[in-house]
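Enquirer: Okay, so the sequence shown: first residue is -9 according to our numbering, each after it adds one.
The beta carbon of each residue, even a glycine, is placed where N, CA and C say it ideally should be.
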Amino acid sequence: MSWNLTGTYLESCNCDVVCPCTTSGLTAPADHERCQVTFAFHVDSGNVDGVDVSDRSVVVFVDGPRVMAEGDWKVALYIDASADDGQAEALGKVFSGQAGGPMSVFTPLIGGVLGVQRVPIDYRDDGRRHAARVGDAIDIEIEDQVAPQYGKDGPVMGLTGMFHPASSTLTIARSTRATGAGVYGRSWDFTGGNGHYAPFTWAA
(Lines of atoms letter the chains of each structure in order from A and count residues from 1; the text may use other names and numbers.)
(Lines give C-alpha, C1' and ligand atoms only; values in the text may rest on other atoms or scores of the structure.)
Protein backbone atom coordinates (compact mmCIF):
# COMPACT_ATOMS: atom_id res chain seq x y z
CA MET A 1 0.00 0.00 0.00
CA SER A 2 1.31 3.44 -0.95
CA TRP A 3 -0.26 6.66 0.23
CA ASN A 4 0.31 10.39 0.72
CA LEU A 5 -1.55 13.03 2.71
CA THR A 6 -1.17 16.81 3.05
CA GLY A 7 -3.16 18.96 5.43
CA THR A 8 -3.22 20.59 8.85
CA TYR A 9 -3.68 19.36 12.39
CA LEU A 10 -4.62 20.79 15.77
CA GLU A 11 -4.10 19.36 19.23
CA SER A 12 -5.59 19.97 22.65
CA CYS A 13 -4.64 18.34 25.93
CA ASN A 14 -5.12 18.74 29.67
CA CYS A 15 -1.56 19.92 30.34
CA ASP A 16 -0.59 23.51 30.93
CA VAL A 17 1.11 25.43 28.12
CA VAL A 18 3.60 23.97 27.04
CA CYS A 19 3.03 20.30 27.92
CA PRO A 20 5.99 18.25 29.22
CA CYS A 21 5.01 15.24 27.07
CA THR A 22 5.56 17.15 23.83
CA THR A 23 8.87 18.70 24.82
CA SER A 24 10.36 15.49 26.26
CA GLY A 25 9.47 12.96 23.59
CA LEU A 26 6.80 11.49 25.90
CA THR A 27 9.27 10.75 28.74
CA ALA A 28 8.45 13.53 31.25
CA PRO A 29 5.39 13.35 33.53
CA ALA A 30 2.31 15.23 32.38
CA ASP A 31 0.99 18.06 34.52
CA HIS A 32 -1.93 15.96 35.77
CA GLU A 33 -2.64 12.37 36.82
CA ARG A 34 -3.58 11.22 33.31
CA CYS A 35 -2.62 12.56 29.89
CA GLN A 36 -5.74 13.11 27.81
CA VAL A 37 -5.15 14.52 24.36
CA THR A 38 -7.12 15.03 21.16
CA PHE A 39 -5.47 15.20 17.74
CA ALA A 40 -7.64 16.53 14.90
CA PHE A 41 -6.43 16.22 11.30
CA HIS A 42 -7.88 17.70 8.13
CA VAL A 43 -6.64 16.20 4.87
CA ASP A 44 -6.52 18.93 2.23
CA SER A 45 -5.35 16.48 -0.41
CA GLY A 46 -4.55 12.80 -0.20
CA ASN A 47 -4.57 9.42 -1.88
CA VAL A 48 -4.45 6.06 -0.12
CA ASP A 49 -3.75 3.15 -2.45
CA GLY A 50 -5.79 4.77 -5.21
CA VAL A 51 -8.58 6.11 -2.96
CA ASP A 52 -8.96 9.90 -2.95
CA VAL A 53 -9.37 11.06 0.66
CA SER A 54 -9.11 14.81 0.05
CA ASP A 55 -11.20 17.18 2.17
CA ARG A 56 -11.84 14.62 4.90
CA SER A 57 -11.07 14.81 8.63
CA VAL A 58 -10.00 12.33 11.30
CA VAL A 59 -9.77 12.79 15.07
CA VAL A 60 -7.78 10.63 17.49
CA PHE A 61 -8.40 10.75 21.25
CA VAL A 62 -5.84 9.29 23.65
CA ASP A 63 -6.14 8.61 27.37
CA GLY A 64 -2.70 7.66 28.61
CA PRO A 65 -0.67 7.39 31.80
CA ARG A 66 1.10 10.39 33.25
CA VAL A 67 4.32 9.27 31.54
CA MET A 68 3.06 8.50 28.05
CA ALA A 69 6.14 6.46 27.09
CA GLU A 70 4.94 3.79 29.55
CA GLY A 71 2.21 2.84 27.09
CA ASP A 72 -1.18 1.26 27.79
CA TRP A 73 -2.91 4.08 25.93
CA LYS A 74 -6.65 3.88 25.46
CA VAL A 75 -7.46 5.25 22.01
CA ALA A 76 -10.62 6.28 20.16
CA LEU A 77 -10.74 7.00 16.43
CA TYR A 78 -13.35 9.28 14.85
CA ILE A 79 -13.66 9.29 11.07
CA ASP A 80 -15.47 11.94 9.04
CA ALA A 81 -19.10 10.94 8.41
CA SER A 82 -18.83 12.47 4.93
CA ALA A 83 -16.31 9.77 3.96
CA ASP A 84 -17.71 6.87 1.94
CA ASP A 85 -16.90 3.29 2.93
CA GLY A 86 -13.72 3.15 0.87
CA GLN A 87 -12.45 6.46 2.21
CA ALA A 88 -13.29 5.51 5.79
CA GLU A 89 -11.40 2.25 5.49
CA ALA A 90 -8.37 3.97 3.94
CA LEU A 91 -8.28 6.73 6.55
CA GLY A 92 -8.71 4.22 9.35
CA LYS A 93 -5.65 2.29 8.20
CA VAL A 94 -3.46 5.40 8.01
CA PHE A 95 -4.50 7.04 11.26
CA SER A 96 -4.45 3.81 13.26
CA GLY A 97 -0.88 3.20 12.08
CA GLN A 98 -1.79 -0.01 10.21
CA ALA A 99 -0.54 1.48 6.94
CA GLY A 100 2.80 2.57 8.34
CA GLY A 101 3.86 6.20 8.42
CA PRO A 102 4.09 8.58 11.41
CA MET A 103 1.14 7.20 13.40
CA SER A 104 2.66 3.70 13.41
CA VAL A 105 5.28 4.97 15.89
CA PHE A 106 2.55 4.98 18.53
CA THR A 107 1.18 1.50 17.81
CA PRO A 108 3.34 -0.26 20.45
CA LEU A 109 2.05 2.17 23.09
CA ILE A 110 -1.63 1.39 22.53
CA GLY A 111 -3.09 -0.90 25.17
CA GLY A 112 -6.70 -0.79 24.04
CA VAL A 113 -9.05 0.62 21.43
CA LEU A 114 -12.07 2.36 22.95
CA GLY A 115 -13.86 2.39 19.62
CA VAL A 116 -14.02 3.59 16.04
CA GLN A 117 -16.90 5.85 14.99
CA ARG A 118 -17.97 7.71 11.88
CA VAL A 119 -19.33 11.07 12.99
CA PRO A 120 -19.72 14.59 11.53
CA ILE A 121 -16.44 16.46 11.96
CA ASP A 122 -16.33 20.23 11.46
CA TYR A 123 -12.70 21.35 11.13
CA ARG A 124 -11.93 25.05 10.66
CA ASP A 125 -8.91 27.32 10.25
CA ASP A 126 -9.57 31.01 10.83
CA GLY A 127 -6.30 32.90 10.82
CA ARG A 128 -4.64 32.12 14.12
CA ARG A 129 -7.63 30.26 15.50
CA HIS A 130 -8.25 26.62 14.69
CA ALA A 131 -11.25 24.53 15.69
CA ALA A 132 -12.69 21.04 15.48
CA ARG A 133 -16.11 19.81 16.51
CA VAL A 134 -16.57 16.05 16.61
CA GLY A 135 -20.28 15.24 16.62
CA ASP A 136 -21.64 15.86 20.10
CA ALA A 137 -18.52 14.43 21.74
CA ILE A 138 -15.62 16.90 21.42
CA ASP A 139 -15.48 20.66 20.83
CA ILE A 140 -12.10 22.38 20.56
CA GLU A 141 -10.81 25.79 19.56
CA ILE A 142 -7.17 26.79 20.00
CA GLU A 143 -5.40 30.11 19.41
CA ASP A 144 -1.77 30.47 18.33
CA GLN A 145 0.31 32.24 20.96
CA VAL A 146 2.23 35.47 20.37
CA ALA A 147 4.63 37.15 22.81
CA PRO A 148 2.83 40.23 24.24
CA GLN A 149 5.78 42.44 23.32
CA TYR A 150 5.11 41.82 19.63
CA GLY A 151 1.43 42.70 19.71
CA LYS A 152 -1.42 40.63 18.30
CA ASP A 153 0.02 40.63 14.77
CA GLY A 154 3.49 39.48 15.83
CA PRO A 155 5.09 36.13 14.99
CA VAL A 156 3.57 33.06 16.60
CA MET A 157 5.60 31.05 19.08
CA GLY A 158 6.89 27.67 17.97
CA LEU A 159 8.76 24.53 18.93
CA THR A 160 11.32 22.88 16.68
CA GLY A 161 13.04 19.52 16.70
CA MET A 162 9.97 17.79 18.12
CA PHE A 163 9.31 14.03 18.23
CA HIS A 164 5.74 14.24 17.02
CA PRO A 165 3.75 12.48 14.29
CA ALA A 166 2.31 15.66 12.78
CA SER A 167 5.52 17.63 12.34
CA SER A 168 8.89 18.34 13.90
CA THR A 169 7.86 22.01 14.11
CA LEU A 170 4.75 22.93 16.10
CA THR A 171 3.01 26.20 16.83
CA ILE A 172 2.41 26.84 20.54
CA ALA A 173 -1.26 27.48 21.23
CA ARG A 174 -3.74 27.73 24.07
CA SER A 175 -7.27 26.37 23.99
CA THR A 176 -10.03 28.95 24.09
CA ARG A 177 -12.51 26.09 24.24
CA ALA A 178 -11.80 22.40 24.89
CA THR A 179 -14.64 20.21 26.09
CA GLY A 180 -15.58 16.57 25.83
CA ALA A 181 -18.82 14.86 26.78
CA GLY A 182 -19.46 11.15 26.94
CA VAL A 183 -16.26 10.11 25.18
CA TYR A 184 -16.39 6.44 26.19
CA GLY A 185 -17.23 7.41 29.76
CA ARG A 186 -14.96 10.44 29.81
CA SER A 187 -16.01 14.10 30.04
CA TRP A 188 -13.81 17.16 30.51
CA ASP A 189 -13.23 20.87 30.21
CA PHE A 190 -9.60 21.64 29.40
CA THR A 191 -10.24 25.24 28.30
CA GLY A 192 -7.10 27.33 28.79
CA GLY A 193 -4.83 24.31 28.45
CA ASN A 194 -2.12 23.35 26.00
CA GLY A 195 -2.61 23.28 22.25
CA HIS A 196 -0.55 22.90 19.08
CA TYR A 197 -1.09 23.49 15.39
CA ALA A 198 0.93 22.54 12.31
CA PRO A 199 0.71 21.61 8.65
CA PHE A 200 1.60 18.00 7.90
CA THR A 201 2.85 16.12 4.84
CA TRP A 202 2.95 12.34 5.17
CA ALA A 203 3.75 9.52 2.80
CA ALA A 204 4.50 5.81 2.98
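Give me the Cα-Cα distance between Glu1 and Thr166, rounded to the nearest whole angstrom.
Expert: Spanning the two alpha carbons is a distance of roughly 12 Å.
Enquirer: Do you know offhand how far Ile202's Cα is from His186's?
Expert: A question about residue 202 goes unanswered here, because the residues of the chain that appear run from -9 up to 194.
Enquirer: Alpha helix (DSSP H) containing Glu10: first to last residue?
Expert: Note that residue 10 corresponds to Pro in the displayed sequence, not to Glu. Residues 10 to 13.
Enquirer: Between Ser158 and the rest of its own chain, which residues show a CB-CB distance below 8 Å, the 5 nearest in sequence each way excluded?
Expert: Within the same chain, Ser158 has close Cβ partners Thr150, Gly151, Met152.
Enquirer: Mapping DSSP to helix, strand and coil, what is Lys83?
Expert: Residue state, collapsed to three classes: helix.
Enquirer: Within 10 angstroms of the Cβ of Tyr140, are there 16 or more other Cβ atoms? Answer buried if so, exposed if not.
Expert: The residue in question, Tyr140, is exposed, as its Cβ has fewer than 16 Cβ neighbours within 10 Å.
Enquirer: In three-state DSSP terms, what is Glu60?
Expert: Residue state, collapsed to three classes: helix.
Enquirer: Here's the rule: buried if 16 or more other CB atoms are within 10 angstroms of the residue's CB, otherwise exposed. What is Ala122?
Expert: By the neighbour-count rule (16 or more Cβ atoms within 10 Å), Ala122 is buried.
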